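Numbering (mature numbering (1 follows the signal peptide of the UniProt record, and there is no 0)) for the sequence shown: -18 to -1, 1 to 300.
Report on one structure; see the data block that follows.
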Amino acid sequence: MRRIVLLFYLLFPAFCFSQSEKYDPKVSFAIETYAFLKGQNTALQKIADQFPKLHPNVTDAEKKLKSIFGRTEKNIKQFLKEELDYQQYNSLHHYLDSILNNEFPNKIEKEKYAHDFLLEVKERSKNIINNDILSKGILSFKYHDAPHQEITDGHVDFFTTENHPKAEKAFFKIPIPKSWLAEEAEMPETIQQFTSYYGNGNEKILIVVYDLPKELHGIKLTEKSIASILPPNIKLFRTEDVMIDGKPAVMIEAEESLERHNNAMKVRMLQFMLAQNQKLYCLQGSIGPEAAHEDLTLQIEKFEPLFRLIASRAKLDK
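This is how it looks when you write it as structure tokens:
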């Protein structure tokens, strides 16, 4: 029990702060992850101060952690500066510093506990691909500036529709970043959806399969044919011929207008579509819903490499 006392104090600031302030889920997720990283750094400093002979071990641990978590910490700081006003950002730092300085054990009871913690840090620096929420936060913000790199760096799961109750005879296999949360979708045509930042973001990946009506059997997907079947609340920006699993397909960029709680909202999306066996397969990456006045151009540009990467690696056959 004693050997995990340090870990308790690392996590404590995150829980305490998230309960004392009300932020949107993504900001709270960032704060909890950032609090852990700050707590981890504080723990190492405490060990170095109390046990001078362990200073080389601490220095080595800090170098390893910086190489693994440095990008995460940098991206979280930048994200929080953009999301919080100056007073909120400073208050957050003062609060976390106060908690860590006042609540952290002034003295580590045994050198063995310091050794145990250094071993924990070493193990964590070698393997952050766990299924706990802490790992999801670290991965989410490590790739906050370039989401597609999470997959190219190997932090990826593969989702398949095989034996999925909503898939029937349709088969789809796609790579998904490990930090995204798989969720059940309400629409019957949507087999599965995934949400960024472990369910706390506003970016989604959807697998949608429609049974084509008889009049659309054999449809050839072109800009004209796609425009003719889109509902009036969807604005088409562009189309592009692409390939999905070696088969000709079409990508469209579009924006859907909708009403949520009497507010005008919109969703910006890239859809990768392929017609096969009287079905329309659609892999959709989207941003939103956001307020109708928001410009989502930069957001969709940021996530387009990820959505394209997923589509390029999708499989339609077992």
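Where is the CB? At the ideal position from N, CA and C, for every residue including glycine.
From a predicted model like this one, the values you see are computed outputs, not experimental measurements.
State the beta-bridge partners of leucine 265 as determined by DSSP.
Ile189 and Phe254
Could you pull the DSSP bridge partners for threonine 172 from this structure?
Val190
Find out if the Cβ-Cβ distance for the pair proline 157, isoleucine 120 is shorter than 9 Å.
no
I'd like to check one pair, glycine 267 with residue 302: are the Cβ atoms closer than 9 Å?
Lying before the first or after the last residue shown, residue 302 is absent from the chain, which here runs from -18 to 300.
Is DSSP giving phenylalanine -7 helix, strand or coil here?
For phenylalanine -7, the pLDDT reaches just 46, beneath the cut-off of 50, and the residue's location in the model is therefore unreliable, leaving the point undetermined.
Of the residues Lys217, Lys248 and Glu241, which one's Cα is nearest the Cα of isoleucine 234?
The shortest CA-to-CA distance from isoleucine 234 to any of Lys217, Lys248 and Glu241 is the one to Lys217.
Taking the beta strand (DSSP E) that lysine 28 falls in, what are its first and last residues?
Taken as a continuous stretch (DSSP letters only), lysine 28 belongs to no beta strand (DSSP E), being part of the alpha helix (DSSP H) at 7 to 32.
Could you tell me the distance, in whole angstroms, from the CA atom of serine 117 to the CA atom of tyrosine 179?
11 Å
Give me the Cα-Cα distance between isoleucine 13 and glutamate 205, rounded to the nearest whole angstrom.
44 Å
Would you decide whether isoleucine 211 is buried or exposed? Buried here means 16 or more other CB atoms lie within 10 Å of its CB.
Around the beta carbon of isoleucine 211, fewer than 16 other beta carbons sit within 10 angstroms, so the residue counts as exposed.
Can isoleucine 226 and serine 294 be called in contact, C-beta distance under 9 Å?
Closer than 9 Å, so yes.
Going by DSSP, name the residue or residues bridged to serine 239.
Lys248
Would you please state the rounded distance, in angstroms, between the beta carbons of methionine 247 and glutamate 272? I believe it to be under 8 Å.
7 Å
According to the Cβ coordinates, are leucine 265 and leucine 203 closer than 9 Å?
no
Would you kindly work out how many angstroms separate the C-alpha atoms of isoleucine 115 and phenylalanine 140, rounded to a whole number?
19 Å
What's the call for tyrosine 263, buried or exposed, on a 16-neighbour Cβ count within 10 Å?
buried
Between leucine 298 and lysine 229, which are expected to be in contact by the criterion C-beta below 8 Å, what is the C-beta distance as a whole number of angstroms?
7 Å
With H, G and I counted as helix, E and B as strand and the rest as coil, what does DSSP make of glycine 228?
coil
Give every residue of the same chain whose Cβ lies closer than 6 Å to the Cβ of tyrosine 125, excluding the five residues on either side of it in the sequence, and list them in chain order.
Gln131 and Glu132
Counting pairs of beta carbons, one from the region 73 to 87 and one from the region 50 to 57, are three or more of them closer than 8 Å?
no
Near asparagine 215, what residues of its chain come up, given a Cβ to Cβ distance below 8 Å and the 5 sequence neighbours on each side ignored?
Glu238, Ser239 and Leu240
Which residue's Cα is closest to the Cα of phenylalanine 154: Val224, Gln281, Ser80 and Gln258?
For the residues Val224, Gln281, Ser80 and Gln258, the minimum Cα distance to phenylalanine 154 belongs to Gln258.
Here's the rule: buried if 16 or more other CB atoms are within 10 angstroms of the residue's CB, otherwise exposed. What is isoleucine -15?
Since pLDDT at isoleucine -15 reaches only 39, below the 50 mark, its modelled position is unreliable, and no value is offered.
Using DSSP's beta-bridge definition, name the partner residues of threonine 139.
This sequence places aspartate at residue 139; threonine is not what is there. According to DSSP, which records beta bridges pairwise, aspartate 139 is partnered with Ile158.
What three-state label does DSSP hand alanine 293 in the structure shown?
helix
Anyone know if the C-beta pair for valine 40 and leucine 100 falls short of 9 Å?
yes
So for aspartate 223, helix, strand or coil by DSSP?
strand
Which one of Lys35, Leu78, Ile189 and Gly200 has the shortest CA to CA distance from lysine 20?
Leu78
For lysine 217, which beta-bridge partners are listed by DSSP?
Glu237
How would you call proline 129, buried or exposed, if buried means at least 16 neighbouring beta carbons within 10 angstroms?
buried
Cα-Cα, which of Lys59, Arg106 and Asn109 is closest to aspartate 127?
Lys59
Can you round the beta-carbon distance between phenylalanine 176 and glutamate 168 to whole angstroms, since I take them to be within the 8 Å contact cut?
Rounded, the Cβ-Cβ distance is 15 Å, inconsistent with contact.
I'd like the list of long-range same chain contacts for proline 7, defined as Cβ closer than 6 Å, with 5 residues on each side in sequence excluded.
Asn182
The beta strand (DSSP E) that contains leucine 163, what's its start and end?
Looking at the DSSP string, the run of the beta strand (DSSP E) that includes leucine 163 is 163 to 165.
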